[in-house]
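Engineer: Here it is: the structure, laid out below.
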Amino acid sequence: MSKPTYVTSLLNRKARHEFHILDTLEAGIVLKGTEVKSIRLGKAGLNESYAMIHRGEVFLENMQITPYEHGTIENHEPKRSRKLLLHRKEILKLQQKVADSGLTLIPLKLYFNQKGIAKIELALAKGKKLHDKREAIKQRDTERELRRFI
Numbered sequence: 011m012s013k014p015t016y017v018t019s020l021l022n023r024k025a026r027h028e029f030h031i032l033d034t035l036e037a038g039i040v041l042k043g044t045e046v047k048s049i050r051l052g053k054a055g056l057n058e059s060y061a062m063i064h065r066g067e068v069f070l071e072n073m074q075i076t077p078y079e080h081g082t083i084e085n086h087e088p089k090r091s092r093k094l095l096l097h098r099k100e101i102l103k104l105q106q107k108v109a110d111s112g113l114t115l116i117p118l119k120l121y122f123n124q125k126g127i128a129k130i131e132l133a134l135a136k137g138k139k140l141h142d143k144r145e146a147i148k149q150r151d152t153e154r155e156l157r158r159f160i
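Given below as structure tokens:
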């Protein structure tokens with residue numbers, strides 16, 4: 011039997027296309043044991059997920075973690091709310107920025123640090139307009155063409 015391959019990080023590729031990233035911060039995430047096992051196997055996705063502040067706590071919503079194959083009846087729900095671990099001062103700053111400026115909290119990356127603890131990189135972001143997305147695509151294409159010629 012072959013050994014399973016473990017994933018060290020998951021990226022939200024659509025986030026940088028859909029949003030202007032203004033600020034980033036690292037947060038811990040509260041997970042169940044079967045969720046950690048599924049994430050290590052790469053069976054999770056950050057697309058369409060976002061964070062929200064509710065009663066002074068930050069929660070990650072709509073993150074997909076496929077149930078662990080060898081789990082029992084104690085297995086987790088795929089899209090449940092997951093609490094994020096931040097200091098009180100950080101939460102208050104985020105709450106103020108989100109309320110005043112109309113910004114959004116989105117996850118950019120989920121990874122395991124050197125100690126094996128799951129961390130999530132959150133971004134304070136503002137949504138891009140359609141013309142901004144088109145401009146970014148044009149710029150990327152011209153850079154690609156320049157690299158081909160060089």
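In this text, residue positions in the sequence shown follow the numbering used here: the first is 11, and each later residue adds one.
Backbone N, C-alpha and C fix where the C-beta goes; we use that ideal spot for every residue, glycine too.
1. Find the nearest neighbour of L21 within the set Q74, L41, I147, judged by alpha-carbon distance.
2. Can you give me the Cβ contacts of L32 inside the same chain, cut-off strictly under 8 Å, excluding the 5 residues immediately before and after it?
3. Which word fits S91, buried or exposed, when buried means at least 16 other C-beta atoms lie within 10 angstroms of its C-beta?
4. Measuring alpha carbon to alpha carbon, tell me which of S19, I116, H27 ends up nearest R144.
5. Give me the DSSP bridge partner(s) of R92.
6. Measure the CB-CB distance between L94 and I39 and report whether it falls below 9 Å.
7. Work out the CA separation of K42 and R157 for me, nearest whole Å.
8. Determine the DSSP secondary structure at G126, reduced to helix, strand or coil.
9. Counting along the chain, where does the beta strand (DSSP E) carrying L20 start and finish?
10. Near I127, which residues of its chain fall below 8 Å by C-beta distance, leaving aside the five closest residues on each side in sequence?
Structural biologist: So, from the data block:
1. Of the listed residues, the one whose Cα sits closest to L21 is Q74.
2. L113, A133, L134, A135, K136
3. exposed
4. H27
5. L70
6. Inclusion of L94 and I39 in the CB contact set at 9 Å is warranted, their separation being smaller than that value.
7. 45 Å
8. coil
9. 19 to 21
10. G38
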